[in-house]
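Chemist: The opening position of the sequence shown corresponds to residue 1 in UniProt numbering, with each subsequent residue numbered one higher.
Glycine is no exception: its CB is placed at the ideal position from the N, C-alpha and C atoms.
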Amino acid sequence: MPSQPVRPPAAAGLLYPADPAALTMQIHGLLARAERQPGLPPPKAIIVPHAGYLYSGAVAASAYAMLESLRSTVRRVILIGPSHHHAFAGIAIPCCAAFETPLDRTELDSETIFSIANDTAVVFDDAAHAREHSLEVQLPFLQTTLDHFKLLPLAIGTVTPEAVAALLDKLWGGPETLIVISSDLSHHHDYPQACEKDSDTMDRLLGGTDEVLQDQACAATAINALQRVAQARGLMPRVLDLRNSGDTAGERNHVVGYAAICFTPALRYTH
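#1: If we count the other Cβ atoms within 10 Å of its Cβ and call it buried at 16 or more, is Leu-40 buried or exposed?
#2: Would you call the segment 111-126 and the segment 83-97 in contact, with 3 or more CB pairs under 8 angstroms?
#3: Go through the segment 175-221 residue by residue and report every complete run of the alpha helix (DSSP H) that reaches 4 residues or more, in order.
#4: Alpha carbons only, please: which of Thr-101, Ala-63, Met-66, Glu-136 is nearest the one belonging to Ile-80?
#5: Is it the case that the Cβ atoms of Met-66 and Gln-26 are separated by a distance below 8 angstroms?
#6: In angstroms, rounded to a whole number, what distance separates the CA positions of Met-202 and Arg-71?
#7: When the Cα atoms are used, what is the spatial distance from Asn-224 to Leu-171?
#8: Can you give me the C-alpha to C-alpha distance between Glu-107 and Ala-18, rounded to a whole angstrom?
#9: Once the 5 residues before and after Val-255 are set aside, which same chain residues still bring their CB inside 6 angstroms of it?
#10: Quick one: which unbroken alpha helix (DSSP H) runs of 4-plus residues sit fully inside the segment 21-48? Chain order, please.
#11: With distance defined between alpha-carbon atoms, name the residue in Asp-109, Pro-140, Gln-231, Glu-176 nearest to Pro-8.
#12: Classify Phe-149 as helix, strand or coil using the three-state DSSP reduction.
#13: Are the beta-carbon atoms of Phe-263 and Leu-235 separated by less than 8 angstroms?
#14: Tell me which same chain residues have a C-beta within less than 7 angstroms of the C-beta of Arg-252, skipping the five on either side of it?
#15: Could you give the C-beta distance for Ala-89 and Gly-157, rounded to a whole number, given that I count them as a contact under 8 angstroms?
#16: With DSSP run on the structure shown, which of helix, strand or coil describes Leu-14?
#17: Do three or more CB pairs link the segment 99-118 to the segment 180-187 at distances below 8 angstroms?
#18: Write down every uninterrupted run of the beta strand (DSSP E) in the segment 71-151 whose length is 3 residues or greater and which is fully enclosed by it, in chain order.
#19: In this structure, does DSSP put Ala-51 in helix, strand or coil?
#20: Sorted by chain position, which residues of the same chain lie with C-beta nearer than 7 angstroms to Arg-105's C-beta, five sequence neighbours on each side aside?
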């Protein structure tokens, strides 16, 4: 694949600070205030929200705080999120060499990209990534909590959970590979409706028998794919935080739901 330009940040100054010092301060503050989960094994995969840090940053931080023990272990991050601005079929990879944020530049995993380039579900589509915030807002957290890693950003278009699960299974790797699914939950319900809907979403995810519905999470396809592969590999989900914008920084007439979830081995969750 020929060398391509670096993908510049599109959401800096909108969803998170564009100033590196301010961004660093905000992320460290969110991580410092995050509630730790003593006794839990390090996660293989996490699900985190992707709104502005003011709204969902504290929820996301509860999952990113779990990466502290993986700082020097993780060398590859599979980052998956929905495409909000560009319609396409398949799973899109950008044709660039790196993603940049105000904090740093992270190199893409060209070796892995080459290995999946012929997968029938994979397409190369810069337009799917150019304005996509769901992946970008996770990168400053990853750049802060991990040392040196390469990135595989995957934007999800029209594709089946089975196709995403098959690709995830190929990419699963060992302790050096972390999987991050970027997803918000329900959108634009009033506060009581959102709480009820998001609670049902968690029941579906934790029960492991019912799929998350498309109107329950914007990355439902990726979440369902992860759940399939995780179950097959003996991993269990645990909800670390569940709130919405009405709990964090917004009004309660039209809220967006957020959850932080980790997948760890030998874990059983009771609720």
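Modeler: Working from what's here:
#1: exposed
#2: yes
#3: Annotation note: the segment 175-221 contains the following uninterrupted alpha helix (DSSP H) runs of length 4 or greater, listed N- to C-terminal: 191-207.
#4: Glu-136
#5: no
#6: 28 angstroms
#7: 16 angstroms
#8: 20 angstroms
#9: Tyr-191, Ala-194, Asn-244, Ser-245, Gly-246
#10: none
#11: Looking only at Asp-109, Pro-140, Gln-231, Glu-176, the smallest Cα-Cα distance to Pro-8 is reached by Pro-140.
#12: Here Phe-149 sits in coil by DSSP.
#13: In this structure, Leu-235 lies closer than 8 angstroms to Phe-263 by Cβ.
#14: Asp-190, Tyr-191, Gly-246
#15: 6 angstroms
#16: Three-state DSSP puts Leu-14 in coil, outside helix and strand.
#17: no
#18: 76-82, 91-93, 98-100, 105-107, 122-124
#19: coil
#20: Val-6, Ala-98
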